[in-house]
Every structure is written in structure tokens, then in C-alpha cells.
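Participant: Heads up, the first sequence is in my numbering, so the first residue is 6 and it goes up one at a time. Backbone N, C-alpha and C fix where the C-beta goes; we use that ideal spot for every residue, glycine too.
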Amino acid sequence: MSRYTAVKGMNDILPPESLRWSRMEEDLRLLATRLNYQEIRTPVVESLELFQRGLGETSDVVQKEMYVFEDKNGNKLALKPEGTAGVVRAFIEHSIGIEKPGPHKLFYIGPNFRYEKPQKGRYRQFHQFGLEIFGDPTPEMDAELIYAASMILDHFKVKGEIRVNSIGCPACRPAYREKLVEYFRPKADELCGDCRRRIDSNPLRLIDCKVDAPRERWRDIPIITDHLCPQCASDFERLKKALEIFHVPFVVDPFIVRGLDYYVKTAFEITADTGGTQNAIAGGGRYDNLVAETGGPATPATGFAIGLERLLSVVPEDFYAPQPLAMGFALFDGGIPALLHLTKHLSHHPVRYMAEYTPRKFKNALQKANKLGARHIFIFGEDEVKNSQVLYKDLATGDQKTFGQHETMTIVSMLMDKEIEK
RNA sequence: GUGGGUGUAGUUCAAUGGUAGAGCACCGGAUUGUGGUUCCGGGCGUUGUGGGUUCGAGUCCCAUUACCCACCCCA
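(1) Buried or exposed: where does Asn80 fall if 16 or more other Cβ atoms within 10 Å of its Cβ makes it buried?
(2) Can you check which of these residues, Ile384, Cys174 and Lys391, is closest to Asp399 by C-alpha distance?
(3) Considering only the beta carbon of each residue, do Phe112 and Leu136 sit closer than 8 Å?
(4) Would DSSP call Pro116 helix, strand or coil?
(5) Could you tell me the alpha carbon to alpha carbon distance between Leu60 and Lys85, rounded to whole angstroms?
(6) Measuring alpha carbon to alpha carbon, tell me which of Tyr267, Gly264, Asp32 and Ala272 ends up nearest Asp258.
(7) For the alpha helix (DSSP H) holding Ser27, just list the boundary residues, first then last.
(8) Please list the terminal residues of the continuous beta strand (DSSP E) segment that includes Met332.
(9) Give me the Cα-Cα distance between Pro144 and Glu298, rounded to the nearest whole angstrom.
(10) So, helix, strand or coil for Leu377, using DSSP?
(11) Would you mind reading off the limits of the alpha helix (DSSP H) that contains Tyr152?
(12) Are the stretch 93-112 and the stretch 290-308 touching by the rule of at least three beta carbon pairs closer than 8 Å?
(13) Using the C-alpha atoms, what's the distance from Arg127 back to Phe139?
(14) In or out: Asn117 buried (at least 16 other Cβ within 10 Å) or exposed?
(15) I'd like to know whether the C-beta atoms of His160 and Leu36 end up nearer to each other than 8 Å.
(16) Could you give the uninterrupted runs of the beta strand (DSSP E) lying entirely in the stretch 232-307, keeping only those of 3 residues or more?
(17) In the structure shown, what three-state DSSP assignment does His350 receive?
(18) How many Å lie between Ser64 and Pro355 at the Cα?
(19) Expressed to the nearest angstrom, what Euclidean distance is found between the alpha-carbon atoms of Ala11 and Ala303?
(20) Among the residues of its own chain, which have a CB less than 6 Å from the CB of Glu166, if the five just before and after it don't count?
(21) Tell me whether Tyr9 is buried or exposed, calling it buried when 16 or more other Cβ atoms sit within 10 Å of its Cβ.
(22) Taking only the alpha-carbon atoms, compute the straight-line gap between Lys69 and Glu62 and give it to the nearest angstrom.
(23) With Arg357 and Gln328 assumed to form a contact (beta carbons below 8 Å), what rounded beta-carbon distance in angstroms separates them?
(24) Looking at Arg94: is its Cβ nearer than 8 Å to the Cβ of Leu158?
(25) Buried or exposed: Asp266, going by 16 or more other Cβ atoms within 10 Å of its Cβ?
(26) Taking its Cβ as the centre, do 16 or more other Cβ atoms sit within 10 Å of Thr363, making it buried, or is it exposed?
(27) CB Ala310 to CB Phe131, shorter than 8 Å?
(28) Excluding the five sequence neighbours on either side, which residues of its own chain have a C-beta within less than 6 Å of the C-beta of Pro108, listed in chain order?
(29) Starting from the C-beta of Ala90, find all residues in its chain whose C-beta is less than 7 Å away, skip the five residues before and the five after it, and write them out in chain order.
(30) Could you say which of Lys164, Arg210, Pro175 and Thr407 lies nearest to Val390 if we only look at CA atoms?
(31) For Lys192, name the three-state secondary structure that DSSP assigns.
(32) Give every residue of the same chain whose Cβ lies closer than 8 Å to the Cβ of Arg28, excluding the five residues on either side of it in the sequence, and list them in chain order.
(33) By the three-class DSSP mapping on this structure, what secondary structure does Ser100 have?
(34) Among Pro48, Gly289, Cys174 and Val253, which one has its Cα closest to the Cα of Cys234?
(35) Which same chain residues end up closer than 8 Å to Lys184 when comparing Cβ atoms and leaving out the 5 residues on each side of it in sequence?
(36) For Arg210, which of helix, strand or coil comes out of DSSP?
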């Protein structure tokens, strides 16, 4: 047992899992870039107030899940619990919306921190990839964003369910909220303790309760989509129409509620079977008022974030096949210079290769290569060195061949061709 | 914050209250340059930690801690 352990809820990512991570990140960057999203990198730390204002004082994230601390100057800071607030702050601070006409498409990828009790799919340090679009108010842009999300699912061969909703705007949501309160108040005695509190604190959450399962018990719960203002209602229709043109498979789920206060109108969520109860792999929606509320010019905006731990947990195991490994051995000290030359040449090519410079017996070299899972080996023994040759052996097929030591280009192309075949 | 479960070798797991073990993995070897099989050899682990009961505790009791899962919340 080592004396030090990783901090609770924060995990080491070790090989070979780390390879899946870096490949996944590479793919996400590539996909986003192709759709003309540009990367924005914001600090891990922001002022506490930014999050309090942005996410809402009453949200659980702000109330009890943030890592808050003071620096030596007494500034109240927080580790970012989500990605959007920092992006919005940077968008305003650097006048991105003023310098060029919109829409401005940005993506980010990085760690977030929430002080929660860890469980499957939930960690204190977790990672998100997100897309944000500033300066476009249309539901069609929401649809394009959701289409991008569905492309990401397809790319990673993930079967997810895209659930969309409209949660209204400041014009219509308060009225719906009242309707819910009216509906549930007489039923308070039948509700669980949490829900009784929610009637006043957060009535929108009532319909989501797993203890009471209100949607099973009462069929006549007021539904947000029946209480939208004319503008929100027509936007929602346009959203659905656009999604159909994109051929995005989706279901309307009028019970989706976003946990952060800044969302309006379009809200969506992608769920998948992650093997735990934390099955939301992505979530997002429109946040038209956040830029203004954060102190910037009124700017409509929409975006979403994917939880990378959860995404990776549903990416098929064989999605990223490791490259075959090649190894080099010397059977005696006299083979080492030639082995060094081979290492030097192969280092310049995209083949996975490593050498061992302690001379081994032939049999032990093969054993070692097997144990490390190598596919190709190169051996320099006395005969080979005498003739300026190298022995190549394919451990999968047993085929072997000798090459001249100067035929390294042939060797490289052979290794690379083999990889393409596979 | 609230529950439940589990902590024994690198790992997966055993051990009616009576000397702590096995598989896998790892290292070395089995007469000279051909592997995955086989065989032989290699482990004194503060049994998570601290107390208690007992002649005797990995085993029973209490506390504590870590991890896992669930509630809650969310990515």
C-alpha cells in the first residue's frame, strides 16, 4: 500500500485507458474544427461570483458543490464546476461579440470540479467537451447544435437517446411554475419530504422525483409544452421541424429540467446506458440571457456539454485498437550498435516500437516480446551482424526473413503496410 | 448530506475462533539461435487503522478510515 492516494473522486488515468482518452479528445477537436468551432481555453479558476451569478444562487451546484477558496489577497475564487460561465466571461471580456459579426462558434475541453459524493459516472474532477454558439437566436441553430451532438454520437458508435424540450422563457415559465405549485399543493401530504420542500423551492423538479414517480401516479400533471408563450411555442415547432430535416432521431420529453438556472427555451439531454444510474452523457440548451446577466451586451446563445468519462464509458471497447508493437533485440554486445541504428530510423516513423539494449538469449527475446504483446521483432545476432543484416520475425504468423541493415525504408514501409491491412 | 456493501500477497479470491493459503501475474532456470504449452524454483502479507471480548481474533463487538454502489444532483 502506498502512503499517498489520489484525492477522493479524482482519478488517475493509466495506460491503456489513457490512450483512449487522448484519441477521443483528438477526434472531438477534429470534429469541432471541421464544423468551424474554434477552441477556447479558459482558466480552471474563476471568481466565485461569476458562478453564483451565472448558474443561479439556488442551484445545487452553487449551493453545495463548488470548491471555493480564497487566495492570499482575500479574493474569493472557485474551481470551475462547468464550462459555460468561463466562456461567457471571456467572450465579454475580450469583446468577441463586437469585433466580428456572429455567430461565434467556440468549443472547449477540460476538467471541471464539483464536490459531490463519487459514484459510478460521477467524479469530483470530471471532464467536459462543450460547444457554444453566441449571437444567433434561431431555433434552427439549436437544431444544428443538436445535430452536431448526434454526429458525435455516431462518430463514436454510441447509441444514445436525444431528448428535447422547451422550458419556456421569462415570459411564460413563471406562469407554468405557478400552475405546478397549484397542482401539487393539495397533494403535498402524498409527497416525499424532499418534494414537499420543492413545492416552494424548485417546483420544476417535482415532476422528476424518483421516489414519488408522479408521472406514473397522476396523468394530468401540467406540461410545460402546453403552457408556452406564442413565441416559445412557435420556436419549439421550428426546432422540431429542423431536427427532422437533419434526420436527427429525437424524442420530446416535456419533463427535462436543466440543473443550471440560465437555460431558456430549448433544453436537451442525451442519455445512454452507462452501466450506472448516471445515464446523462450530454446536456445543453439555449441561454439567451446569460451574457447580458454577466454584464455583456445582450447576446443570444446556445450550447451543450458532453461528459467525457460518461462518453468514454459507452464508446465500444474495440473502437480504438492499439497499434501493433515492434521490438528490437540484440543477442550479444556486438549487436547493439546496429540495434541503435534501427531505433534511430524507426523513431522517425509512425510505428510503435521499442528496443531493449541488454543482450538476451534468442529464446528469452521471443518470450519477452510475447509477454509485452509485440507483433514484430527485429533481432541482431552474431550471424546478422557479420553479414550486416537483421532478422525480422512476425510473431503472429511465425514468418521470418532477413533484411540488409540498410533496407530500413523497406522495413518501415512493410510495417506500415501491415498496419493498414489489419 | 443520507443509506447499503466491501477492505487478506501486484491482482482475483480462499481460510467451522486454533500455525494465513490458492489461481493468475511477475522474476529466474530447464546444456549453445526460435516464442505463446509444460516442468522446477522464488512471497516473513504490521489480514485498512485503533480499541475491546477471549487462553487464543483475518474470523466476534465498537469506533474510525478508504473504496464501490445507490439516494440526492448532474456531464
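Facilitator: Taking the geometry as given:
(1) Exposed: under 16 other Cβ atoms inside 10 Å.
(2) Ile384
(3) Yes. Within cutoff.
(4) strand
(5) 11 Å
(6) Of the listed residues, the one whose Cα sits closest to Asp258 is Ala272.
(7) Glu22 to Arg39 is the extent of the alpha helix (DSSP H) around Ser27.
(8) Leu330 to Ala335
(9) In a straight line, the C-alpha of Pro144 is about 21 Å away from that of Glu298.
(10) coil
(11) Pro144 to His160
(12) yes
(13) 29 Å
(14) buried
(15) yes
(16) 269-276 and 285-291
(17) helix
(18) Rounded to whole angstroms, Ser64 to Pro355 spans 48 Å at the Cα level.
(19) 43 Å
(20) Correct list, in chain order: Thr276.
(21) exposed
(22) Rounded to the nearest angstrom, the two C-alpha atoms are 10 Å apart.
(23) 4 Å
(24) no
(25) Result: buried.
(26) exposed
(27) no
(28) Ile138, Gly140 and Asp141
(29) Glu51, Leu55, Phe56, Gly59 and Leu60
(30) Just measuring C-alpha positions, the residue of Lys164, Arg210, Pro175 and Thr407 sitting nearest Val390 is Thr407.
(31) helix
(32) Tyr325
(33) coil
(34) Cys174
(35) Pro227 and His232
(36) Helix, per DSSP.
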